[in-house]
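Please read the structure below before turning to the comments.
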Amino acid sequence: MTVKIHIESCQTLRTNALIFCVAEIKMEVYALAYLNIHKFSVPTPFIDKQTPRQILNSSIYKVSLSKDLCRLIVMCSGELNENTESRESQMVRQGMHSLVLDTSIFWKRKSELHQLAQQASNIEDLTEVIRASLSVMCKQWSDAMHTFHEKFDYLSTLIIDHALDSTPQEEFLSLLGGARTSSAVHQFLVNSLGEVGVKRVSKVICGTAKELQRIVLDHLQPAAEIIGFRMGELRGLSRWRARYHGIGLDEMLINNATEKSGMILVQIERFMRVLSSVEQQFSNFFNWLLKCIKLLMQEPSDQLLPYNSELVVIFLKFLYDQDPVKQLLQVDHDIEVDLETMQRVKELVQFGGFSDCEYLQRTLAKEFQQMEDSFKEAFLMPFTTISRKMLCEDLLPLFPLPSSSSSASVSMAIPMSISYYEDASQAVSSHQTCQHSFVDYVCFQVPDEPFSDIANCIGVIRGFTHDLSSSKNGYTSMEAVLLHVPAGYECVDLSLYKDSQIVLLLNGASASSESSGDACMMIVQASELPFISISRFTDLNLWNLYQLKDSTVQLQMENEKVRNIPHSVIAPLAVSASRGVACVFAARKRALVYILEEDEEEVPDTE
Numbered sequence: 013m014t015v016k017i018h019i020e021s022c023q024t025l026r027t028n029a030l031i032f033c034v035a036e037i038k039m040e041v042y043a044l045a046y047l048n049i050h051k052f053s054v055p056t057p058f059i060d061k062q063t064p065r066q067i068l069n070s071s072i073y074k075v076s077l078s079k080d081l082c083r084l085i086v087m088c089s090g091e092l093n094e095n096t097e098s099r100e101s102q103m104v105r106q107g108m109h110s111l112v113l114d115t116s117i118f119w120k121r122k123s124e125l126h127q128l129a130q131q132a133s134n135i136e137d138l139t140e141v142i143r144a145s146l147s148v149m150c151k152q153w154s155d156a157m158h159t160f161h162e163k164f165d166y167l168s169t170l171i172i173d174h175a176l177d178s179t180p181q182e183e184f185l186s187l188l189g190g191a192r193t194s195s196a197v198h199q200f201l202v203n204s205l206g207e208v209g210v211k212r213v214s215k216v217i218c219g220t221a222k223e224l225q226r227i228v229l230d231h232l233q234p235a236a237e238i239i240g241f242r243m244g245e246l247r248g249l250s251r252w253r254a255r256y257h258g259i260g261l262d263e264m265l266i267n268n269a270t271e272k273s274g275m276i277l278v279q280i281e282r283f284m285r286v287l288s289s290v291e292q293q294f295s296n297f298f299n300w301l302l303k304c305i306k307l308l309m310q311e312p313s314d315q316l317l318p319y320n321s322e323l324v325v326i327f328l329k330f331l332y333d334q335d336p337v338k339q340l341l342q343v344d345h346d347i348e349v350d351l352e353t354m355q356r357v358k359e360l361v362q363f364g365g366f367s368d369c370e371y372l373q374r375t376l377a378k379e380f381q382q383m384e385d386s387f388k389e390a391f392l393m394p395f396t397t398i399s400r401k402m403l404c405e406d407l408l409p410l411f412p413l414p415s416s417s418s419s420a421s422v423s424m425a426i427p428m429s430i431s432y433y434e435d436a437s438q439a440v441s442s443h444q445t446c447q448h449s450f451v452d453y454v455c456f457q458v459p460d461e462p463f464s465d466i467a468n469c470i471g472v473i474r475g476f477t478h479d480l481s482s483s484k485n486g487y488t489s490m491e492a493v494l495l496h497v498p499a500g501y502e503c504v505d506l507s508l509y510k511d512s513q514i515v516l517l518l519n520g521a522s523a524s525s526e527s528s529g530d531a532c533m534m535i536v537q538a539s540e541l542p543f544i545s546i547s548r549f550t551d552l553n554l555w556n557l558y559q560l561k562d563s564t565v566q567l568q569m570e571n572e573k574v575r576n577i578p579h580s581v582i583a584p585l586a587v588s589a590s591r592g593v594a595c596v597f598a599a600r601k602r603a604l605v606y607i608l609e610e611d612e613e614e615v616p617d618t619e
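Quick note: my numbering has the sequence shown finishing at residue 619, numbered continuously throughout.
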């Protein structure tokens, strides 16, 4: 089944960067690219030469990706300057700018990116399963061993109190060998620990071991096996250099990550063997202790489970005060491997074994850490490659911002909206290039302070991303118009709606209180407005809105579709094109929902 990829979100970050994500069919999100607007060089044509520009102290406000995935419009505030040595070009202009970025790699490589995102997002999710499993296993085993030491550490105290020069292991070995039971061991087994205590500790240790085995079999091992399978698929794709090298899928890095995913399976198998052995050793030790307690209390022990004396000796020598399970779950522990085993591992390399021969010296947790690092390194290459291929194509200075206030705070208060609509006049000429069947609309409120002569106006720009290749040859299809808000009203917020419509949220300028007011929603058909062509290439000291001062359109209440609101309203305005409704916020934290498709007389408001 083929799933069409799309950009799920372009998040505005405090670092003024954009993260591009691909949304999968199961709502899984995988980040594909990262762009820092501070590092953009904007190569806009100026007169007869190419003049690179940069936006300093920028703050991203709004972004919108075209429906064909080929263009991204970014509305941002900042200081525009030019990287030249002339004094005039070093002039800095603080204001609102519109950038258009070339994101055509999303359209040209959508099949490859979809496959990469599908595999990588699944691997990331499964990696989190392994991480969570290891964390739970470490916590449960640590709690179980705490219970064991909490009971058995008291024997060391009794040995000291009885002035004995021995260790708990030596005392237990003497008891196992049939020697006379010391007073410390007798007191510990009969009075302190007892039969109930042994059974309780045995239940905790053995129960936890079985729970860890269940976690491995149900979660950790299946996740690791699927990761290995996914990495094998990516390994095959990385060898198709003609298609996947262009998006940064590096064969060497993928091979290394694939090998690491195989090593984690070996580590899991070793962990299961160690865990099973430790559980058996503990169970045998507790069976022996129960036998000893019964004998010391002179009670019958025929119904008790049998034990193996040799395993008791091994437990006391190697497990009583050591914890191999905990060691395998730690990152900072190194495992000693004999030279003969290491030599055999090196010989296996000639038969297709792992090239990294030191994996047996690492713990399960350390191997997982290295596997995760290899994944990050392998997936960082496509992330970096795709990010570098998205370049800024054009810049449009819109309007200056007041120099007395912070540009970020001022821009956040300016209503803006960006959308794309199908352009029936444009036909798709080739399937090998981006489809130019969409026309963009950028709508924003003009701030009053720098533009006192065109105050209370709405700016609408159409075709900013349209025919950029033609614009380089002197032709431009970019158009704009200024809309003057009806007298007595001021714009609170705005939003582009379907079918090239603009929804304006207006407040009456003479509202006496928050609860009473004369607000309204006005729907303007943008495609029918008298747009005029404007030049893309402006002088450094000329903002594009100055070209529209003499062509302002006065909006009339009687000529547009208006929905009256008997309350004062505040931003934001939420509009749903698919549902045909708008939500506005009024006084006293009330949310009003309006159906935009119906007449005002037919449908009441819903609070």
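Yeah, the Cβ is synthetic: ideal placement off N, Cα and C, and Gly gets one too. Bear in mind that the values here come from a model prediction, so they are computed numbers and not experimental data.
Within its own chain, the residues whose Cβ lies closer than 8 Å to the Cβ of Q568, once the five positions on either side in sequence are excluded, are P498, listed in chain order.
Looking at L541, Y558, L508, L287, the one whose alpha-carbon comes closest to that of A594 is L508. When the Cα atoms are used, H161 and E281 turn out to be separated by approximately 27 Å.
DSSP lists K74, S110 as the beta-bridge partner residues of M87.
Taking a C-beta distance under 8 Å as the contact criterion, L146 and F366 do not qualify as a contact pair. At the C-beta level, S273 and D262 stay beyond 8 Å of one another.
Between Q233 and L287, the C-beta gap is not smaller than 8 Å, which leaves the two residues out of contact. Residue state for M402 is assigned as coil, using DSSP reduced to three classes. Annotation: K510 is outside any beta strand (DSSP E) and is labelled neither H nor E by DSSP. Secondary-structure assignment with DSSP links M533 through a beta bridge to L517, R575.
The C-beta separation of N519 from A531 comes to about 5 Å, placing the pair in contact by the 8 Å criterion. For T564, the uninterrupted beta strand (DSSP E) run begins and ends at 564 to 566, by DSSP. V349 and M87 have their C-alpha atoms spaced approximately 60 Å apart.
In the structure shown, H496 adopts extended strand secondary structure according to DSSP, grouped into three states. Per DSSP, reduced to three states, the secondary structure at P409 is strand. Non-local C-beta neighbours of S429 in its own chain, meaning closer than 6 Å and more than five positions away in sequence, comprise C455, L506, S507, L508, ordered along the chain. Each of L403, L308, G475, L557 was checked against the Cα of F118, and the nearest Cα belongs to L403.
By the Cβ rule, the segment 183 to 196 does not count as touching the segment 230 to 249, because fewer than three pairs are nearer than 8 Å.
Taking C-beta atoms as the reference points, Q293 and I326 count as a pair closer than 8 Å. Less than 8 Å separates the beta-carbon of Y606 from that of M533. Secondary structure of R356 (DSSP, three-state): helix. By the beta-carbon neighbour count (other beta carbons within 10 angstroms, threshold 16), R285 is exposed.
For G471, the three-state secondary structure derived from DSSP is strand.
Within the same chain, I305, L308, M309 come within 7 Å of V202 by CB-CB distance, once the 5 residues on both sides are set aside.
Distances from the alpha-carbon of G90 to those of K79, M108, Q181 put M108 closest. Within the same chain, and ignoring the five residues on either side of S78 in sequence, the residues whose Cβ sits closer than 6 Å to its Cβ are Y432, F450. For Y558, the secondary structure class from DSSP, reduced to helix, strand or coil, is helix.
Contact between S295 and C369 does not hold, since the beta-carbon distance rounds to 35 Å and is not under 8 Å. Exposed is the label assigned to T353, since fewer than 16 other Cβ atoms lie within 10 Å of its Cβ.
Taking the CA atoms as reference points, G240 sits about 14 Å from V141. The segment 245 to 288 contains no complete beta strand (DSSP E) run of 3 or more residues. Apart from the 5 residues on each side of it in sequence, L128 sits with its Cβ closer than 7 Å to the Cβ of I259, L261, P394 in its chain, given in chain order. Proximity to L316 across E570, E322, N299 peaks at N299, based on C-alpha coordinates. Assigned with DSSP and collapsed to three states, P584 falls in strand. The continuous stretches of beta strand (DSSP E) do not include C82, and DSSP gives it neither H nor E. For A129, the secondary structure class from DSSP, reduced to helix, strand or coil, is helix.
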